[in-house]
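Counting in the working numbering, the sequence shown runs without a single skipped number right up to 47 at its last residue.
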Amino acid sequence: MRLLKTIAVRFMLTGSALFMAVLLLPVFLITEQVDEFSRLVEAIFKDRKD
């Protein structure tokens, strides 16, 4: 019974780690895209001011 409990805890930990990785990966990709997008917007506004 104790063995099952430790296996379940380890499985939950690895599962949550994988879940966090899956959640964080798109966040990193989106932030990189947002940086590029903000640069584009800044360039457009600078062109309009001139």
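Heads up, the beta-carbon is just placed ideally off N, CA and C, and yes, glycines get one too.
In this text the structure is predicted, and so the values were computed from the model without any measurement.
{"Check": "Unbroken alpha helix (DSSP H) run spanning M9, endpoints", "Outcome": "-1 to 46"}
{"Check": "Alpha-carbon spacing of F42 relative to V31, whole angstroms", "Outcome": "16 angstroms"}
{"Check": "L15 to K2 span [Cα, whole Å]", "Outcome": "20 angstroms"}
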